[in-house]
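Reading through the structure tokens given below for one structure.
Put into structure tokens, the structure is as follows:
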């Protein structure tokens with residue numbers, strides 16, 4: 154019997170620690186990036202990829218870096234999710250979400266804004282296919298590292314560079 158009591162105590166401690174970590178994570182995400190009431194966290198995924206920048210220039214101006222698209226692989230318990238232009242997220246099961254163009258993306262600077270891409274909250278629409286992403290209404294990008302356009306301006310237009318980044322993506326679904 155004492156061994157069962159020990160297991161129960163360890164399990165309770167693990168639950169409390171998990172709850173504390175979850176509340177700490179919620180505290181570090183700015184209020185502006187919280188999805189509206191009625192949405193709950195479905196899952197999170199770790200991303201590793203590139204922010205692709207293209208050099209462009211307006212007539213008479215020097216070339217500058219402009220974000221073209223992200224290209225990343227997200228790892229979640231639901232499997233691999235591909236992230237690309239749109240922005241779009243597509244799961245291995247075929248389900249997909251794309252930014253809702255009618256809703257502005259909410260942006261908050263990263264903790265190290267000069268080195269890390271901003272944190273985001275993106276309203277998305279799911280395609281009708283069933284799967285891991287079929288109920289998702291918001292995608293939140295947090296805990297970013299890297300991905301900022303090169304500090305050195307481009308020499309000519311139409312040059313492309315990929316800047317490595319990592320992030321955590323949180324996927325929110327409408328509460329049932």
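In the working numbering, the protein residues as written are 154 to 329. Ideal Cβ positions, reconstructed from N, Cα and C, are used throughout, including at glycine.
1) Could you tell me whether the region 305-314 touches the region 203-210, using the rule of 3 or more Cβ pairs below 8 Å?
2) Nearest-angstrom Cα distance between residue 293 and residue 195?
3) With DSSP as the reference, please indicate the residues paired to residue 270 in a beta bridge.
4) In terms of alpha-carbon separation, which member of 328, 329, 324 lies closest to residue 231?
5) First and last residue of the beta strand (DSSP E) that includes residue 199?
6) Looking only at its own chain, which residues have a Cβ that is under 6 Å from the Cβ of residue 177, when we skip the five neighbours before and after it?
7) Our contact map puts residue 223 next to residue 235 with C-beta atoms below 8 Å; I'd like the distance itself, whole angstroms only.
8) Starting from the C-beta of residue 247, find all residues in its chain whose C-beta is less than 8 Å away, skip the five residues before and the five after it, and write them out in chain order.
9) Looking at the structure shown, is residue 314 part of a helix, part of a strand, or coil, going by DSSP?
Short version:
1) Yes, the region 305-314 is in contact with the region 203-210.
2) 11 Å
3) According to DSSP, which records beta bridges pairwise, residue 270 is partnered with nothing at all.
4) 324
5) 192-209
6) The predicted position of residue 177 is uncertain, since its pLDDT is 41 and thus under 50; no value can be drawn from it.
7) Rounded, the Cβ-Cβ distance is 10 Å, inconsistent with contact.
8) 282, 284
9) strand
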